[in-house]
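*Asks:*
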Ligand code: HEC
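Structural data, given as structure tokens:
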């Protein structure tokens, strides 16, 4: 019995701790509203007083935005709120505390704002400010809204993005024992395929490096996989007969457009290791 009781107590304590840990983050990104706009129609007027009284005394609740009904920002919605608002509207009492122009609640309290007025734009996630702006508990790049945002896209890398393709499509010819065109792209015997292609002149047209970081069109490897090696050779005065064929050779040709685009993006993006 005692153990059971202890167990239940610690569970409740844990839940309480958990809740208080979560609320500061929720507060960061909660609905935007105007304090005093209890009926969330965008303005503060007598209709808000009437609506607030209706919630308090005639079961017209729950409020869309209890925070907005907490006109004096004392952390609760009670009779002091419509009185405060009436004082402001009709007896030159003070304005409701902020937010007065579509903001989040700057003070911590247990009131919710589930639905702010339509005139307040819904909060959007800023993908680079370290804050959960839209209140979905995901911060910056962890928020699915930030997918594809420049702040969240990693530059392509050779080892992660490109090398798996090379292993599938190239190393059975460009690796021991064949090493066609003396191009070893394998990892065997300590070979470094990245170092083998970056800023290394082509043997077929030495005016080009195999990979020229930042310049896919100026990279022989790229011209070989898109099949414009003859034009590239001509442009630089190389012998077209030496330019060979599109890669991967013969029946293994060619890479699909998405893969070609990936090579272009990787090289144009700086050909990162
Ligand atoms: C079936 C074998 C085979 C496959 C697969 C293959 N290659 Fe080749 N590769 C060759 C041969 C043979 C040559 C030389 C003749 C030619 O260029 O047509 C060559 C030449 C090259 C050259 C020219 C090297 C230089 O120094 O000028 C490059 C670059 C190249 N290949 C890249 C690739 C890439 C990248 C892949 C994979 C996407 C690939 N190859 C797949 C056989 C292959």
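Residue numbers (this note's numbering): 11 to 283.
Glycine included, every Cβ here is placed at the ideal spot set by N, Cα and C.
This one's a predicted model, so the numbers in the text were calculated from it and none came from an experiment.
#1: Could you tell me how far apart the beta carbons of residue 127 and residue 52 are, in whole angstroms, since I believe they sit closer than 8 Å?
#2: Which class does residue 192 belong to by DSSP, given the choice of helix, strand or coil?
#3: Measuring CB atoms only, is the stretch 91 to 99 touching the stretch 113 to 132, in the sense that at least three cross pairs come out at less than 8 Å?
#4: From this set, 237, 277 and 243, which residue's C-alpha is nearest residue 260's C-alpha?
#5: State whether the stretch 204 to 218 contacts the stretch 245 to 254, with contact taken as three or more CB pairs (one from each stretch) at a distance under 8 Å.
#6: State buried or exposed for residue 285, treating a residue as buried only when at least 16 other CB atoms are found within 10 Å of its CB.
#7: If residue 283 and residue 196 are in contact, beta carbons under 8 Å, what's the gap, nearest whole angstrom?
#8: Any chance the CB of residue 275 is under 6 Å from a heavy atom of the ligand HEC?
#9: Output the distance between the C-alpha atoms of residue 156 and residue 171, rounded to the nearest integer angstrom.
#10: Where does residue 223 sit, in a helix, a strand or coil, going by DSSP?
#11: To the nearest angstrom, report how far apart residue 233 and residue 180 are at their CA atoms.
*Replies:* Taking the structure as given:
#1: What you label residue 127 is simply residue 117 of the chain shown in a count that begins at 1. What you label residue 52 is simply residue 42 of the chain shown in a count that begins at 1. Their Cβ separation, rounded to whole angstroms, is 4 Å, which keeps residue 127 and residue 52 in contact under 8 Å.
#2: Walking along the chain shown from the start, residue 192 turns up at place 182. Residue state, collapsed to three classes: helix.
#3: No, they do not touch.
#4: Looking up residue 260 in the chain shown gives position 250. Cα-wise, what sits closest to residue 260 is 237.
#5: The way I'd put it, the stretch 204 to 218 does touch the stretch 245 to 254; three or more beta-carbon pairs between them come closer than 8 Å.
#6: Any property of residue 285 remains undetermined from this structure, which presents the chain solely from 11 to 283.
#7: Within the chain shown, residue 283 is the residue found at index 273, counting from 1. Within the chain shown, residue 196 is the residue found at index 186, counting from 1. Their Cβ separation, rounded to whole angstroms, is 17 Å, which puts residue 283 and residue 196 out of contact at 8 Å.
#8: Sequence index remark: in the chain shown, residue 275 carries index 265 (1-based). Judged by the Cβ position, residue 275 fails to qualify as a neighbour of the ligand HEC at the 6 Å threshold, every heavy atom of the ligand being at least this far.
#9: Counting from one through the chain shown, the residue named residue 156 turns up at place 146. Counting from one through the chain shown, the residue named residue 171 turns up at place 161. Taking the Cα positions, residue 156 is about 21 Å away from residue 171.
#10: For the purposes of this step, residue 223 is taken as residue 213 along the chain shown, with counting starting at 1. It is coil, neither helix nor strand.
#11: In the chain shown, counting from the first residue as 1, residue 233 sits at position 223. In the chain shown, counting from the first residue as 1, residue 180 sits at position 170. The straight-line gap separating the alpha-carbon atoms of residue 233 and residue 180 is approximately 15 Å.
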